[in-house]
Amino acid sequence: MTSHVIERARLAERELARRLRQSSVSRLFGFELEAAEGGRAVLRMRVTAKHKQVHRVVHGGILAALADTAGGLASYTVVPRGTRMATVEMKINYLEAVDRGVLVAEARVLRKGRNFIVVDCDVVDADGRLAAKALMTFSIGPREPKRRR
């Protein structure tokens with residue numbers, strides 16, 4: 053890899069980390085960016101009491117939010133900066149109940165088209181077990197309007 057490509061990747065990762073910090077959902081749930089590069093993003097979340105449902109395991113909606121956020125960040129790595137995107141479809145399988153530890157969501161872009169991006173995401177628990185598997189589709193919208201200063 054050339055130094056120019058490496059520097060662009062670092063800038064993109066910093067931009068995604070900034071976006072994650074600005075997201076109220078990500079702050080509320082404690083999502084942290086572990087890695088991001090072309091077509092891939094990895095998020096982590098330490099399980100706490102606020103993530104659990106009445107049976108004291110992580111709520112499925114939290115797992116879905118983690119996968120969706122990782123998928124969105126992976127998608128941002130393959131579109132021009134400032135492009136708007138939205139989740140238009142998500143399918144998730146819950147495979148293992150999680151009651152403690154750290155969850156890691158690794159999202160990978162499977163295909164980028166002109167209007168849609170398809171992303172696959174694995175959510176694994178601290179023991180390396182596949183806790184959830186998600187497949188998502190994101191619409192690619194117009195670029196964000198430039199803000200007036």
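Residue numbers for the sequence shown follow my numbering, beginning at 53 and rising by one. Using N, Cα and C, we set each Cβ at its ideal position, and we do this for glycine too. Here the structure is a predicted model, which means the values were calculated and not measured.
Tell me the DSSP secondary structure of residue i in three-state form.
i	result
Phe81	helix
Gly193	strand
Ala69	helix
Cys172	The sequence shown places Asp at residue 172, rather than the Cys named in the question. Three-state DSSP puts Asp172 in a strand.
Ala93	strand
Thr135	strand
Ala178	coil
From the DSSP secondary-structure annotation, give me the bridge partner or partners of residue i.
i	result
Asn145	Lys185
Arg163	Val170
Val109	In DSSP, Val109 forms no bridge with anything.
Leu155	Met97
Lys102	In the DSSP output, where bridge partners are listed per residue, Lys102 has none listed.
Report, in whole angstroms, the separation of the C-beta atoms of residue i and residue j, which I expect to be a contact under 8 Å.
i	j	result
Gly193	Val130	At roughly 14 Å, the Cβ-Cβ gap does not stay under 8 Å, so Gly193 and Val130 are not in contact.
Met188	Val171	5 Å
Ala157	Cys173	6 Å
Glu65	Arg133	Incorrect: roughly 13 Å between the Cβ atoms, too far for contact.
Ala186	Ile144	4 Å
Asp151	Arg108	6 Å
When you compare each of the options to residue i by their alpha carbons, which one comes out closest?
i	options	result
Ala183	Val175, Phe190 and Tyr128	Val175
Asn147	Met188, Val110, Ala87 and Leu85	Residue 147 is actually Leu in this sequence, not Asn. Checked all of Met188, Val110, Ala87 and Leu85; the closest Cα to Leu147 is Val110.
Val154	Gly180, Gly134, Lys185 and Asn167	Gly180
Leu118	Gly82, Gln105 and Ala87	Gly82
Ala93	Ala138, Thr100 and Glu84	Glu84
Leu115	Arg108, Gly124, Asn167 and His103	His103
Arg71	Thr100, Arg96 and Gly124	Gly124
Ser191	Asp120, Ala101 and Ile169	Ile169
Arg166	Ala87, Asp120, Ser127 and Leu95	Ser127
Arg136	Arg195, Gln74, Ala69 and Arg73	Arg195
Glu86	Ala138, Lys143 and Arg98	Arg98
Val140	Arg152, Asp151, Ala69 and Asp120	Asp120
Val77	Gly113, Ala101, Arg163 and Lys164	Gly113
Ala122	Gln105, Val106 and Met142	Met142
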